[in-house]
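A.B. asks: Reading the sequence shown from the start, the letters are residues -22 to -1, 1 to 204 in mature numbering (1 follows the signal peptide of the UniProt record, and there is no 0).
Just so you know, even glycine gets a beta-carbon here, dropped at the ideal spot from N, CA and C.
Owing to the predicted nature of the structure, the values given are computational and were not obtained by experimental measurement.
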Amino acid sequence: MKKAKYLLLVAICMTFVTLSHAQHKRYSIKNGIGIQGGITQFDIITDNFETKKSTGYIGGLTASVDIPHKWYNVSYNIQLSENNIDIAAFSLTNPTKEFIEYKMLTAQISFLLHAKLIGNNLTLDVGPMLQYNSDLELKDDSNEGLIVSNYDTLLTEDITDISNFNVNGAAGLSVGFGAFRLRAQYIYGFTNIFGNLNDEDLNIGTNDKKFKGNQSMLAFSAIITF
């Protein structure tokens, strides 16, 4: 009888140990809200116009999910920016080419996956982005009436009505410790930001090439997470 009780006790103990090891380990998933701000370098890749990238600024909010037992984290981001770009033009009285300043306001929403290269201290950030942007706007109204380079009759104010909804891809690196991070991000526009110009009745002279352009933006920002 005592032997039977002893065997039963051993069996119960072994079962308890087995079940304990079979249980999934629990991890604490941490959420964070952060603010970010920085500068941008903006350009539009196109064969229609001669462009030159220019500096702007960016700011926004980020909601991050830290997943300790995975090789990645995720975040949702909202960014607002003012981007600047220079486009070459000339006047009939002075055929010397000059670069005319335009600005464009953007609101971007992105979902990013952050692959952990060195834990949370260095991550590779990739993901899709939706963008709403304003039309191009001449920063100096006195530049209206100039002729856009590569065209005979297309005026600087004719090319402002661009496509306002665009889809982008974002990739970059983030580095930091604790609540502070620095991020370098490249944003490429998959959609034709000049597509709307093809629907306009523009006086383009002898240049009948379709308008096509893809935005190209570098963003350098600092992020503080709470």
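1. By a C-beta neighbour count over all protein chains shown, 10 Å radius and 16 as the cutoff for buried, is Leu108 buried or exposed?
2. Taking residue 230 and Ala67 to be in contact with their CB atoms under 8 Å, please state how far apart those CB atoms are, rounded to whole angstroms.
3. Can you check which of these residues, Asn192, Arg159, Asp186, is closest to Gly10 by C-alpha distance?
4. Here's the rule I'm using: 16 or more other beta-carbon atoms within 10 Å means buried, otherwise exposed. How should Asn61 be labelled?
5. Given a cut-off of 8 Å, decide if Asp64 and Ser112 are closer than it, judged by their beta-carbon atoms.
6. Asn181 and Thr101: beta carbons closer than 8 Å?
7. Taking 8 Å as the cut-off, decide whether the C-beta atoms of Thr169 and Val153 are in contact.
8. Does at least one heavy atom of the ligand GTP sit under 7 Å from the Cβ of Leu180?
9. Output the residue ranges of the beta strand (DSSP E) runs that lie fully inside the stretch 74 to 119 and measure 3 residues or longer, sorted by chain position.
10. Determine contact between the stretch 112 to 126 and the stretch 43 to 52, defined as no fewer than three beta-carbon pairs at a distance below 8 Å.
11. Go to Ile17, then tell me how far its beta strand (DSSP E) extends in each direction, as first and last residue.
12. What number of angstroms, rounded off, separates the C-alpha of Gly15 from the C-alpha of Thr184?
13. According to DSSP, is Gly34 part of a helix, a strand, or is it coil?
14. Cα-Cα, which of Asp118, Glu122, Ile201 is closest to Ala157?
15. How many Å lie between Gly34 and Ser120 at the Cα?
16. To the nearest angstrom, how far is the alpha carbon of Gln1 from that of Lys8?
17. Assign Thr71 to one of two classes, buried (16 or more other C-beta atoms within 10 Å of its C-beta) or exposed (fewer than that).
18. Using a Cβ-Cβ cutoff of less than 6 Å, which residues in the same chain neighbour Glu28 once the five nearest sequence positions on both sides are dropped?
19. Tell me whether Thr203 sits in a helix, a strand or coil according to DSSP, three-state version.
20. Please look up how many angstroms separate the CB atoms of Leu95 and Val52, rounded, as I've assumed it's under 8 Å.
21. Kindly indicate the opening and closing residues of the beta strand (DSSP E) around Gly156.
22. If contacts are defined as beta-carbon pairs under 8 Å, then Ile165 and Met195 qualify, I think. What distance do you get, rounded to the angstrom?
23. Mapping the DSSP letters down to three states, classify Thr71 as helix, strand or coil.
C.D. replies: Based on what the coordinates show:
1. Exposed.
2. Residue 230 is absent from the structure shown; the chain starts at -22 and stops at 204.
3. Gly10 has its Cα closest to that of Arg159, out of Asn192, Arg159, Asp186.
4. Burial call: buried.
5. Cβ distance not < 8 Å, so Ser112 and Asp64 don't count as in contact.
6. It is not a contact, given that the beta carbons lie outside the stated cut-off.
7. In this structure, Thr169 lies away from Val153, with their beta-carbon atoms at least 8 Å apart.
8. The ligand GTP is absent from the structure shown, which contains no ligands of any kind.
9. Within the stretch 74 to 119, the complete beta strand (DSSP E) runs of at least 3 residues are 76 to 96, 100 to 111.
10. With the rule of 3 Cβ pairs closer than 8 Å, the stretch 112 to 126 does not count as touching the stretch 43 to 52.
11. Looking at the DSSP string, the run of the beta strand (DSSP E) that includes Ile17 is 8 to 24.
12. Rounded to the nearest whole angstrom, the CA to CA distance from Gly15 to Thr184 is 44 Å.
13. The DSSP-derived three-state label of Gly34 is strand.
14. Its Cα nearest to that of Ala157, the residue Ile201 stands out among Asp118, Glu122, Ile201.
15. Each residue's Cα considered, the two are about 22 Å apart.
16. Caution is warranted here: a pLDDT of 46 is assigned to Gln1, below 50, making its placement in the model unreliable, and the coordinate value is therefore given only provisionally. Cα-Cα distance, rounded: 22 Å.
17. Exposed, because fewer than 16 other Cβ atoms sit within 10 Å of the Cβ of Thr71.
18. Spatial neighbours of Glu28 in its own chain (CB-CB distance under 6 Å, excluding positions within 5 residues in sequence) are listed in chain order as Ala66, Ser127.
19. The DSSP-derived three-state label of Thr203 is strand.
20. Wrong, their Cβ atoms sit about 16 Å apart, outside the cutoff.
21. Careful: Gly156 lies outside any beta strand (DSSP E) and carries neither H nor E.
22. Taking 8 Å as the upper bound for CB-CB distance, Ile165 and Met195 are in contact here, some 4 Å apart.
23. Residue state, collapsed to three classes: coil.
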